[in-house]
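Before any comments, here is the structure.
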Amino acid sequence: DAKTTQPPSMDCAEGRAANLPCNHSTISGNEYVYWYRQIHSQGPQYIIHGLKNNETNEMASLIITEDRKSSTLILPHATLRDTAVYYCIVRSPAGGTSYGKLTFGQGTILTVHP
Amino acid sequence: GAGVSQSPRYKVAKRGQDVALRCDPISGHVSLFWYQQALGQGPEFLTYFQNEAQLDKSGLPSDRFFAERPEGSVSTLKIQRTQQEDSAVYLCASSLSGQQAQPQHFGDGTRLSIL
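In order, the protein sequence lines correspond to chains A and B.
Just so we're aligned, residue 86 is where the first sequence starts under this note's numbering, counting upward by one.
Just so we're aligned, residue 381 is where the second sequence starts under this note's numbering, counting upward by one.
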């Protein structure tokens, strides 16, 4: 699996957009970018994923650069409940000895303040 | 709908005891994963099931760890002769299939403390 690099921490004001960057310069053409978040004492929560195109759902938007070497997760209107650890993960296709497991890094601690 | 359910939420055991952790995946999900999360770290892969078949157990740290999913639904992670380094949160995740376009959905984990 390709390695990802994220800033260890970020701050955001409530109501403003939170833009969380992720570098994955060694990503392969068939690897997906996934984002999860983990709130204290809970399991990781799936947010969004994408391959090449930008994606949007009810939680967030995912912007992937054209060369696919980096991406940004956007929470359009951050609330206090968005305070969590955010993980950017590059996921290999299932096949051979890989069965689609997720490899988590250290993530970004996002703190949303009033 | 119901998500992934794990029980117990907390487990305290004395060193040397055996423990069993249960995972109820989302109904109809073929793929089931177990992860271990040490304090302050991201989750780490332990093992993977496709239906009842355990296809990858490369992440199990020792032969004291054993997982099963006999009917392709509920899964149990068993740890024999527990040691202090086994203290961690054990997370279960399920997905509709093992394909990379299918997201994994996690339970809230079992926090295991070995005294």
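Think of the CB as a built atom: it goes at the ideal place given N, C-alpha and C, for glycine as much as any other residue.
This one's a predicted model, so the numbers in the text were calculated from it and none came from an experiment.
Quick one: any contact between the region 108–127 of chain A and the region 155–162 of chain A, if contact means 3 or more CB pairs under 8 Å?
yes
Compare the C-beta of Gln479 of chain B with all C-beta atoms of chain A and state if any pair is closer than 8 Å.
Here residue 479 of chain B refers to the residue found at position 99 when the second sequence is read from its first residue. Closer than 8 Å: yes.
Shorter than 8 Å from the beta carbon of Ser156 of chain A to some beta carbon of chain B?
Your numbering for residue 156 of chain A matches position 71 in the first sequence. Taking Cβ atoms only, chain B never reaches closer than 8 Å to Ser156 of chain A, which makes this a no.
By the 10 Å Cβ neighbour count, where 16 or more other Cβ atoms means buried, how is Pro129 of chain A classified, buried or exposed?
Within the first sequence, numbered from 1, the residue matching residue 129 of chain A stands at position 44. When all chains shown are included, Pro129 of chain A counts as buried.
Give me the Cα-Cα distance between Glu448 of chain B and Pro178 of chain A, rounded to the nearest whole angstrom.
Taking the second sequence and counting its residues from 1, the one referred to as residue 448 of chain B is at position 68. Taking the first sequence and counting its residues from 1, the one referred to as residue 178 of chain A is at position 93. Distance between the alpha carbons of Glu448 of chain B and Pro178 of chain A is about 24 Å.
Which runs of the beta strand (DSSP E), 3 residues or longer, sit entirely within the region 110–134 of chain A?
117–123
Can you name the residues that DSSP bridges to Leu105 of chain A?
The residue you call residue 105 of chain A lines up with position 20 of the first sequence. Note: Leu105 of chain A sits in a beta bridge opposite A:Leu158.
Counting pairs of beta carbons, one from the region 395–403 of chain B and one from the region 450–465 of chain B, are three or more of them closer than 8 Å?
yes
Give a yes or no on whether the minimum CB-CB distance between Phe446 of chain B and chain A is below 8 Å.
Walking along the second sequence from the start, residue 446 of chain B turns up at place 66. Not closer than 8 Å to any Cβ of chain A, the Cβ of Phe446 of chain B fails to qualify, so no.
Candidates B:Ser455, B:Gln479, B:Tyr415: which alpha carbon is nearest Leu492 of chain B's?
Start at 1 with the first residue of the second sequence, and residue 492 of chain B comes out as number 112. When each option's Cα is compared against that of Leu492 of chain B, the closest is B:Tyr415.
Grouping DSSP H, G and I as helix and E and B as strand, with all else coil, what is Glu499 of chain B?
Because residue 499 of chain B is not part of the residues shown, which for chain B are 381 to 495, the question remains open.
When the Cα atoms are used, what is the spatial distance from His109 of chain A to Gln479 of chain B?
Against the first sequence, residue 109 of chain A aligns to sequence position 24. Against the second sequence, residue 479 of chain B aligns to sequence position 99. Those two C-alpha atoms are separated by around 21 Å.
Please look up how many angstroms separate the CB atoms of Gln91 of chain A and Gly192 of chain A, rounded, as I've assumed it's under 8 Å.
The sequence position of residue 91 of chain A within the first sequence is 6, counting from 1. The sequence position of residue 192 of chain A within the first sequence is 107, counting from 1. Their Cβ separation, rounded to whole angstroms, is 6 Å, which keeps Gln91 of chain A and Gly192 of chain A in contact under 8 Å.
Using 10 angstroms around the beta-carbon of Ala382 of chain B, count the other beta-carbons present and answer buried if the total reaches 16, otherwise exposed.
Position 2 of the second sequence, counted from the first residue, corresponds to residue 382 of chain B. Burial call: exposed.
In chain A, which residues lie less than 8 Å from Asp398 of chain B when you measure between Cβ atoms?
Here residue 398 of chain B is taken as the residue at index 18 of the second sequence, counted from 1. By Cβ distance, chain A contributes nothing, its closest Cβ being about 24 Å from Asp398 of chain B, past 8 Å.
Between which residues of its own chain and Pro423 of chain B is the CB-CB distance below 6 Å, once the five residues before and five after are set aside?
Counting from 1 along the second sequence, the entry for residue 423 of chain B is found at position 43. Within the same chain, Pro423 of chain B has close Cβ partners Tyr415, Gln417, Leu471.
From this set, A:Gln123, A:His198, A:Lys88, which residue's C-alpha is nearest Thr164 of chain A's C-alpha?
Position 79 of the first sequence, counted from the start, is the residue given in the question as residue 164 of chain A. Of A:Gln123, A:His198, A:Lys88, the residue nearest in Cα terms is A:His198.
What does the alpha-carbon distance come out to for the pair Ile132 of chain A and Met144 of chain A?
What you label residue 132 of chain A is simply residue 47 of the first sequence in a count that begins at 1. What you label residue 144 of chain A is simply residue 59 of the first sequence in a count that begins at 1. Answer to the nearest angstrom: the Cα atoms are 7 Å apart.
Just how far apart, CA to CA, sit Pro441 of chain B and Ala468 of chain B?
In the second sequence, residue 441 of chain B corresponds to position 61, counting from 1. In the second sequence, residue 468 of chain B corresponds to position 88, counting from 1. Computed Cα separation, rounded: 13 Å.
Quick check: what's the CA-CA separation for Ser455 of chain B versus Arg444 of chain B?
By 1-based counting over the second sequence, the position of residue 455 of chain B is 75. By 1-based counting over the second sequence, the position of residue 444 of chain B is 64. So the two alpha carbons sit approximately 17 Å from each other.
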